[in-house]
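These notes concern the structure reproduced below.
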Amino acid sequence: MSGLHTLGVHEVLERLNRRECSSEDVVRDLLGAIGRIDGTIDGYLSVGAEDALAQARAADDARRQGATGRLLGVPIAVKDVLNVKGQPCGCASRILQGYVSPYDATAVARLRAEGAVFLGRTNMDEFAMGSSTENSAFKVTRNPWNRDCVPGGSSGGSAAVVAADEAIAALGSDTGGSVRQPASFCGCVGLKPSYGRISRYGLTAFASSLDQIGPMTKSVRDAALLLQVMAGHDPHDSSCLPDPVPDYAASLVPDLKGIRLGLPREYFVGGSDPEVERAIRAAIEVCRGLGAQIVDVSLPHTPYAIATYYVIATAEASANLARFDGVRYGTRATGAEDPIDLYKRTREQGFGAEVKRRIILGTYVLSSGYHDAYYLRAQKVRTLIRRDFEQAFRACDAIVAPVAPTPAYPIGEKGGDPLQMYLGDIFTVPVNLAGICGMSVPCGLTTRQLPVGLQILGPALGEGNVLRVGHAYEQAGGWNKRRPPL
Amino acid sequence: MNGSGMGKYLTTIGLEVHVQLKTQSKMFCGCSTDFGAPPNTHVCPVCLGYPGALPVMNRDAIRLTVISGLMLGCRINPYSKFDRKNYFYPDMPKNYQITQYDLPLCLGGGVEIEVGGRAKTIGITRIHLEEDVAKNLHYATWSGVDFNRAGVPLMEIVSEPDLESPEEASAYLLALRQILTYAGVSDCNLEEGNMRCDANCSLRLPGRTALGTKVEIKNINTVKGVHGALAYEEIRQARALDAGQTIIQETRRWDADQENTSSMRTKEDAHDYRYFPEPDLMPVALPAEQVAAWKAALPELPKARRERFVAQYGLPEYDAQVLAAERAVADYFEAALRVIPRAPKAVSNWVMTDVLRVLSERTIDIGRFPIAAEALAELIDLAETKVINSNTARDVFALMLDGGGRAGDIVKARGLAQVSDTAAIEKVVDQAIAENAKSAEDYRNGKAVALKFLVGQVMRLSKGKANPQMATEMLVARLGKG
Numbered sequence: 002m003s004g005l006h007t008l009g010v011h012e013v014l015e016r017l018n019r020r021e022c023s024s025e026d027v028v029r030d031l032l033g034a035i036g037r038i039d040g041t042i043d044g045y046l047s048v049g050a051e052d053a054l055a056q057a058r059a060a061d062d063a064r065r066q067g068a069t070g071r072l073l074g075v076p077i078a079v080k081d082v083l084n085v086k087g088q089p090c091g092c093a094s095r096i097l098q099g100y101v102s103p104y105d106a107t108a109v110a111r112l113r114a115e116g117a118v119f120l121g122r123t124n125m126d127e128f129a130m131g132s133s134t135e136n137s138a139f140k141v142t143r144n145p146w147n148r149d150c151v152p153g154g155s156s157g158g159s160a161a162v163v164a165a166d167e168a169i170a171a172l173g174s175d176t177g178g179s180v181r182q183p184a185s186f187c188g189c190v191g192l193k194p195s196y197g198r199i200s201r202y203g204l205t206a207f208a209s210s211l212d213q214i215g216p217m218t219k220s221v222r223d224a225a226l227l228l229q230v231m232a233g234h235d236p237h238d239s240s241c242l243p244d245p246v247p248d249y250a251a252s253l254v255p256d257l258k259g260i261r262l263g264l265p266r267e268y269f270v271g272g273s274d275p276e277v278e279r280a281i282r283a284a285i286e287v288c289r290g291l292g293a294q295i296v297d298v299s300l301p302h303t304p305y306a307i308a309t310y311y312v313i314a315t316a317e318a319s320a321n322l323a324r325f326d327g328v329r330y331g332t333r334a335t336g337a338e339d340p341i342d343l344y345k346r347t348r349e350q351g352f353g354a355e356v357k358r359r360i361i362l363g364t365y366v367l368s369s370g371y372h373d374a375y376y377l378r379a380q381k382v383r384t385l386i387r388r389d390f391e392q393a394f395r396a397c398d399a400i401v402a403p404v405a406p407t408p409a410y411p412i413g414e415k416g417g418d419p420l421q422m423y424l425g426d427i428f429t430v431p432v433n434l435a436g437i438c439g440m441s442v443p444c445g446l447t448t449r450q451l452p453v454g455l456q457i458l459g460p461a462l463g464e465g466n467v468l469r470v471g472h473a474y475e476q477a478g479g480w481n482k483r484r485p486p487l
Numbered sequence: 081m082n083g084s085g086m087g088k089y090l091t092t093i094g095l096e097v098h099v100q101l102k103t104q105s106k107m108f109c110g111c112s113t114d115f116g117a118p119p120n121t122h123v124c125p126v127c128l129g130y131p132g133a134l135p136v137m138n139r140d141a142i143r144l145t146v147i148s149g150l151m152l153g154c155r156i157n158p159y160s161k162f163d164r165k166n167y168f169y170p171d172m173p174k175n176y177q178i179t180q181y182d183l184p185l186c187l188g189g190g191v192e193i194e195v196g197g198r199a200k201t202i203g204i205t206r207i208h209l210e211e212d213v214a215k216n217l218h219y220a221t222w223s224g225v226d227f228n229r230a231g232v233p234l235m236e237i238v239s240e241p242d243l244e245s246p247e248e249a250s251a252y253l254l255a256l257r258q259i260l261t262y263a264g265v266s267d268c269n270l271e272e273g274n275m276r277c278d279a280n281c282s283l284r285l286p287g288r289t290a291l292g293t294k295v296e297i298k299n300i301n302t303v304k305g306v307h308g309a310l311a312y313e314e315i316r317q318a319r320a321l322d323a324g325q326t327i328i329q330e331t332r333r334w335d336a337d338q339e340n341t342s343s344m345r346t347k348e349d350a351h352d353y354r355y356f357p358e359p360d361l362m363p364v365a366l367p368a369e370q371v372a373a374w375k376a377a378l379p380e381l382p383k384a385r386r387e388r389f390v391a392q393y394g395l396p397e398y399d400a401q402v403l404a405a406e407r408a409v410a411d412y413f414e415a416a417l418r419v420i421p422r423a424p425k426a427v428s429n430w431v432m433t434d435v436l437r438v439l440s441e442r443t444i445d446i447g448r449f450p451i452a453a454e455a456l457a458e459l460i461d462l463a464e465t466k467v468i469n470s471n472t473a474r475d476v477f478a479l480m481l482d483g484g485g486r487a488g489d490i491v492k493a494r495g496l497a498q499v500s501d502t503a504a505i506e507k508v509v510d511q512a513i514a515e516n517a518k519s520a521e522d523y524r525n526g527k528a529v530a531l532k533f534l535v536g537q538v539m540r541l542s543k544g545k546a547n548p549q550m551a552t553e554m555l556v557a558r559l560g561k562g
């Protein structure tokens, strides 16, 4: 059988349910596609072919015996930041080389319980720090639409393998836009749920108060299904919300009647690439045509979001990454004279430049004498940003905006200027700071044939409306069916 | 007054006492807190600081800390939170410790001590909860880390600088230990490292209100160590001041073998811990009703129990103090007393002399004492009602210690019941006089000690069962006034 690798989650499930193919067939097709394409995309860090085939055969056996998992036999690619028992979890870093997960992340365990097959590990910016996947210690992933361009990041590997049909669906993580921005750059769907909607247990922490796991898929419906399976209370994560998980599939209706869509004034001030803005405006008109009412909203503290984000995220990261010291797992530098020397050598050799930059920045903002001016002030601004959104969501049910000011840019273009790259996160980081949910849905191609994503935001636990807007738009707009020229 | 003869200076001491809480599982994961398991057998991704692992609060650790706070008269913070304290050391799995910085669970409170007949209250600044670190093990050519202890809940009790001598410091530590074991929050077992302490110590001239430069002493793990370290430090600082030197603000390590302190680090290389709120844990809200419910169920404080033993049972102060020193012993005493409430002094005597002697001989605690309180009460009852005499009672006690069964059964099986039948004793008395004519004669001639000998003979002939008082009276009657 061929072409199975091009399918989405629901399409695979339909074929499996109709016994038109087996999970093993799907995995074999994917392995074939990966073998043909990934040499030019470099989306995967590792693919456990034999392991994936064994999981697929087990799923096929289970199906023959009447098992009915909601994802039974569906292969999923996983960003290298999530723990899957028995697989490496290296966070694209040298410091975790050789580390094999002794446990499943809760999100992974829930997918596994529904029969999902874990195919391989996708490339990322080291420890999810970056917006282009150029910060991986091992390889630079290329954008399937234009291999001279970045796939976005940090979940660039997951976005690229979904867009290039090297995966049925993938998992990413989003701390400041790391699911939505690569989804936008590669032309797939990327959902960042509200903070606490999916358990973070087993997600290697970058910034604990901002991190969320999110699905990266070929349709909004697929994202809704993966969210449905992963969401919900987890006793292993105190920040995970106890609220019941609604039936997201019920939100997937074809119109937007009665929906008020907010346009944040500050996100349309001419700072974006004209082609991006044109695509977003066109998408908004499609939504209007589907019955949505368009209203203006204001998020006045937007200009402070980047600075606030890089203070809070790096402060938390400086502590979160302290555990990588060569004592218990991962690589350990040789020739150390004492424990402190061991740390210095291991971390000097193990971390890349961007990770070191952020650890030093985070250490600085927490230091005695600077703590109040940076960390404490950033927390206060964070509260103001959260209030901006609370205020805005009184006037609308969802907000629509660009995901990023630009489409994918050439590899190497921003690598030398971290600040320039940080500024590309302006439309995504406020969402993490506020703890609300957001999704990127493909909404057009530039003249250079690079995808543009429409960002749809909802209040905390407002995934239902975000999925509804995304699905209705997707049905009417149809950009998610476009595939890169491979 | 100065406790160590350093008469010239006033000593100011504050203690930070770390107490391991008696929870089943660790503070942030389900691993066992049992002591003494092979290294790295009570570990999991959470307490090893694996990538992606998250802490989850052990509510029982919160409860035990609040109970400690209530026992020590603290205010309980209705809103408390946890923070990360950042520093690198191989015994720290995450290279940050989860602790409480500015909003601890308990504030204020105090401990009463008595030294040299003078009672005073030592103020408590705060009590907070944190996780214990692992244990580093050093060998000839390498070192290892045992993470079994990493993540065990640790309560830190910080005192006010109210202590004025090493004697007061050890009295405070003992009083604290007594209260905490009473509260059942910790075993406070020093050998197992359940209780550890750091001390701050400074000297100043009388009349000066500002405190002298403070030196912190770490690694003090015994009550004896507290006294030794502070006594050493008092002399060291006094000599330095006498020599016109200034005291350096520093952290020193107590060496229990060398019995001295040595510099670990000075203020210049003090850590910047870069505290910030722990984003993985939610703040702790303690509703007033919850705290009130815990407060209502608190055990009696040692001092209150001592006073009650005097007032309620009419025991001497000394007895009350010995019996109430340990909650388990006091509980044992009261359990026995419930069976024979008419004889508090007799029960007290048995517990204080016989029970405590066996505990000390066998170095066991009362939880492992082989005779149940109710069983001991039965034995005391037999002695009090003169069913057996006191010597027999001690023999029965020894048999019971070795698993001989109930007192009543032993007495019955071995025919040890005291003979109080006049005719039977008279028979034995006559026999004793007949067999020891010389002693009888001596007694009649005014040699009082001969009577004691004859009583002994009666006891021997009766195999110890004769009521010794009756035997004495009959001998006197038979032989006439000596």
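Chains U and A, in that order, give the protein sequences.
Converting from the first sequence to our numbering requires adding 1 to each position, the first position being numbered 1.
Converting from the second sequence to our numbering requires adding 80 to each position, the first position being numbered 1.
We put the CB at the ideal spot given by N, CA and C, even for glycine.
Just so you know, these numbers come straight off a predicted model, no measurement behind them.
Exercise for the section: Could you tell me which of U:52, U:81 and U:76 sits nearest to residue 117 of chain U, measuring between CA atoms? Expected result: U:76
Practice task
Specify, as a first and last residue, the run of the alpha helix (DSSP H) that residue 319 of chain A falls within.
Solution key: 303-322
Exercise for the section: Return the bridge partner residues of residue 76 of chain U from the DSSP annotation. Expected result: U:118
Practice task
Could you tell me whether any non-hydrogen atom of the ligand FAD is closer than 7 Å to the CB of residue 334 of chain A?
Solution key: As presented, the structure is devoid of all ligands, the ligand FAD included, so that no description of it is given.
Handout entry: residue 222 of chain A burial status per 10 Å Cβ neighbour count (16 or more: buried)
Key = exposed
Practice task
Decide if residue 455 of chain U is buried, meaning its Cβ has at least 16 other Cβ atoms within 10 Å, or exposed.
Solution key: buried
Exercise for the section: Return the chain-ordered list of same chain residues with a C-beta closer than 6 Å to the C-beta of residue 359 of chain U, the five sequence neighbours on each side being excluded. Expected result: 130, 315 and 318
Problem - Distance between beta carbons of residue 176 of chain A and residue 208 of chain U, contact taken as under 8 Å - result: Wrong, their Cβ atoms sit about 14 Å apart, outside the cutoff.
Exercise for the section: Identify the continuous alpha helix (DSSP H) that holds residue 315 of chain U and give its terminal residues. Expected result: 306-321
Practice task
Buried or exposed for residue 467 of chain U, please, with buried defined as at least 16 other CB atoms from any protein chain shown within 10 angstroms of its CB.
Solution key: buried
Handout entry: CB contact below 8 Å: residue 359 of chain U versus chain A
Key = no
Exercise for the section: Could you check what DSSP says for residue 166 of chain A in three-state terms: helix, strand or coil? Expected result: strand
Practice task
Give the DSSP-derived three-state secondary structure of residue 100 of chain U in the structure shown.
Solution key: coil
Handout entry: Span of the beta strand (DSSP E), counted from its first residue to its last, around residue 360 of chain U
Key = Looking at the DSSP string, residue 360 of chain U is not in any beta strand (DSSP E); the run it does join, the alpha helix (DSSP H), is 354-367.
Practice task
With 8 Å as the C-beta to C-beta threshold (strictly closer), list the residues of the segment 310-322 of chain U near chain A in chain order.
Solution key: 316, 317, 319 and 320
Problem - Helix, strand or coil at residue 515 of chain U according to DSSP, with G and I counted as helix - result: Any answer about residue 515 of chain U is impossible in this case: the structure gives chain U only from 2 up to 487.
Exercise for the section: Return yes when the Cβ of residue 295 of chain A is within less than 8 Å of the Cβ of residue 282 of chain A, no when it is not. Expected result: yes
Practice task
Tell me, please, which residues DSSP counts as bridged to residue 160 of chain A.
Solution key: A:364
Handout entry: Counted within 10 angstroms of its Cβ, other Cβ atoms place residue 550 of chain A as buried (16 or more) or exposed
Key = buried
Exercise for the section: Pull out every residue of the segment 356-368 of chain A whose Cβ sits closer than 9 Å to any Cβ of chain U, in chain order. Expected result: 356, 357, 358, 359, 360, 361 and 362
Practice task
Using a Cβ-Cβ cut-off of 8 Å, state whether residue 213 of chain A counts as contacting chain U.
Solution key: no
Practice task
Please say whether residue 161 of chain A and residue 419 of chain A have beta carbons closer to each other than 8 Å?
Solution key: no
Practice task
Check the Cβ-Cβ distances between residue 196 of chain U and every residue of chain A, and say whether any is below 8 Å.
Solution key: no
Handout entry: Identity of the residue in U:186, U:106, U:28 and U:443 nearest residue 132 of chain U by Cα
Key = U:186
Exercise for the section: Could you tell me the distance, in whole angstroms, from the CA atom of residue 38 of chain U to the CA atom of residue 47 of chain U? Expected result: 14 Å
Handout entry: Candidates U:257, U:396 and U:80, of which the one nearest residue 92 of chain U by Cα
Key = U:80
Exercise for the section: Just mark residue 328 of chain A as buried or exposed, buried being the case when its beta carbon has 16 or more other beta carbons within 10 Å. Expected result: exposed
Exercise for the section: Please report how far the alpha carbon of residue 81 of chain A lies from the alpha carbon of residue 302 of chain A, in whole angstroms. Expected result: Its pLDDT being 39, under 50, residue 81 of chain A is placed unreliably in this model, and the value from its coordinates should be taken loosely. Whole-angstrom Cα-Cα distance: 25 Å.
Handout entry: residue 94 of chain A vs residue 299 of chain A beta-carbon contact at 8 Å
Key = no
Handout entry: Minimum Cβ-Cβ distance from residue 137 of chain A to chain U less than 8 Å
Key = yes
Handout entry: Proximity test, Cβ basis, 8 Å: residue 354 of chain A and chain U
Key = yes
Problem - Beta carbon proximity, residue 84 of chain A to chain U, threshold 8 Å - result: Only weak support is given to the placement of residue 84 of chain A: the predicted model assigns it a pLDDT of 45, under 50, and the value that follows is read from those uncertain coordinates. No - not a single Cβ of chain U is within 8 Å of the one on residue 84 of chain A.
Exercise for the section: Return the first residue and the last residue of the beta strand (DSSP E) that residue 11 of chain U is part of. Expected result: Segment 10-18 is the alpha helix (DSSP H) holding residue 11 of chain U; no beta strand (DSSP E) there.
Handout entry: Cβ pair count under 8 Å reaching 3, the segment 136-148 of chain U against the segment 93-109 of chain U
Key = yes
Exercise for the section: Keeping to the same chain, check which residues put their C-beta closer than 8 Å to that of residue 195 of chain A; ignore five residues upstream and five downstream. Expected result: 83, 245, 247, 248 and 251
Handout entry: Neighbourhood of residue 424 of chain A by C-beta, 7 Å cutoff - its chain only, sequence neighbours within 5 removed
Key = 393, 394, 395 and 417
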